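**Q**
Protein chains in written order, with the UniProt record's numbering: chain A, 1 to 142; chain B, 1 to 142.
(1) When burial is assigned at 16 or more other CB atoms within 10 Å of the CB, is residue 100(A) buried or exposed?
(2) Tell me the rounded alpha-carbon separation between residue 75(A) and residue 109(A).
(3) Under 7 Å Cβ to Cβ from residue 54(A), same chain only, skipping five residues before and after it: list those, please.
(4) Is the separation between the beta-carbon of residue 59(A) and that of residue 127(A) shorter than 7 Å?
(5) Note down the Cα distance separating residue 1(B) from residue 14(A), rounded to an integer number of angstroms.
(6) How about residue 45(B): is its C-beta nearer than 7 Å to some C-beta of chain A?
(7) If you reduce the DSSP assignment to three classes, tell me which class residue 95(A) lands in.
(8) Straight-line CA distance for residue 137(B) to residue 112(A)?
(9) Please return the same chain residues whose Cβ sits closer than 6 Å to the Cβ of residue 72(A), not counting the five positions on each side in sequence.
(10) Over what stretch of residues does the alpha helix (DSSP H) that includes residue 118(B) continue unbroken?
(11) Taking just the CA atoms, how far does residue 98(A) sit from residue 132(B)?
(12) Out of 46(B), 120(B), 47(B), 42(B), which one is the CA nearest neighbour of residue 68(B)?
(13) Starting from residue 84(A), trace the beta strand (DSSP E) both ways and give me its first and last residue.
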């Protein structure tokens, strides 16, 4: 009888401890998942559309973007890729075939990482497009 | 003695049930937090810069974007706002003063939600800018 009580009590204690451990680790993971992009610098590369211009999304997604991302190191928080689609408004051509964007913590670090690799980056354009992209830098407000 | 055993056993059962409930709800919330933007439709509104053009970011962020977001309902997954900043390349003007973007599940639902409110949206432009924005639709690849 006494040993049964001790056994039950031990089970209860283990259960309580395990339960509180689980809660603690959830709080940590929830905090990480709520990190925002606000304040980051976004470097956007836009590929304008016009007649005769082409864009190979598969190469861009599997080769070019990972190559450039590799130059950026820990300054890079994430990168995104969009494919232009018709906007449904008649007689309005596609403004851009594709847009890539790098979200970084520091613009000057971004520039310093890109500079020695600029020739390689530009040489790679020909592997997926025949248009010169437009570059834009912005700050994420929301 | 017997009642103490019953009490302890009840506590243990309650503990176990609560623990498994917590785990189940964590799985649900973790699934939500790991959802990607891939496949979403992104409607981007870009405000081009040129001499004499202005943009009131505070109004845009606190009034205009929430107003339009309100029209979109559950189709809207999230929206973002960026502020154009100089790109560091000499003699290259800012392409855009600001860019807003809505990430939605369905383009046709977006268009259907905007259509009855188009006049109100356009009338609101004058409250924060003197430029007509450029609209672009894209699909999120990554």
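For glycine and all other residues, C-beta sits at the position ideal for the given N, C-alpha and C.
Model, not experiment: these values are computed from the prediction.
**A** Walking through what the data contain:
(1) Against the first chain, residue 100(A) aligns to sequence position 100. Its Cβ being crowded by 16 or more others within 10 Å, residue 100(A) is buried.
(2) Looking up residue 75(A) in the first chain gives position 75. Looking up residue 109(A) in the first chain gives position 109. Approximately 7 Å, taken between the alpha carbons.
(3) Position 54 of the first chain holds residue 54(A). Same-chain partners within the cutoff: 129, 130.
(4) Taking the first residue of the first chain as position 1, residue 59(A) is located at position 59. Taking the first residue of the first chain as position 1, residue 127(A) is located at position 127. Yes, these two residues count as a Cβ contact at 7 Å.
(5) Here residue 1(B) corresponds to residue number 1 of the second chain, with the count starting at 1. Here residue 14(A) corresponds to residue number 14 of the first chain, with the count starting at 1. Residue 1(B) and residue 14(A): Cα-Cα distance of roughly 22 Å.
(6) Here residue 45(B) corresponds to residue number 45 of the second chain, with the count starting at 1. Answer no: the Cβ-Cβ gap between residue 45(B) and chain A never drops below 7 Å.
(7) Residue 95(A) sits at position 95 when you count from the first residue of the first chain. Three-state result, residue 95(A): coil.
(8) Counted from its first residue, the second chain places residue 137(B) at position 137. Counted from its first residue, the first chain places residue 112(A) at position 112. Straight-line spacing of the CA atoms in residue 137(B) and residue 112(A) works out to 32 Å.
(9) Stepping through the first chain from its first residue, residue 72(A) is reached at position 72. Cβ neighbours of residue 72(A) beyond the five flanking positions: 113.
(10) Within the second chain, residue 118(B) is the residue found at index 118, counting from 1. From DSSP, the alpha helix (DSSP H) with residue 118(B) extends over 118-125.
(11) If you number the second chain from 1, residue 132(B) lands on position 132. If you number the first chain from 1, residue 98(A) lands on position 98. Cα to Cα, residue 132(B) sits roughly 22 Å from residue 98(A).
(12) For the purposes of this step, residue 68(B) is taken as residue 68 along the second chain, with counting starting at 1. Comparing Cα-Cα distances from residue 68(B) to each of 46(B), 120(B), 47(B), 42(B), the minimum goes to 120(B).
(13) Translated into positions along the first chain, residue 84(A) becomes position 84. Run containing residue 84(A): 76-85, per the beta strand (DSSP E) assignment.
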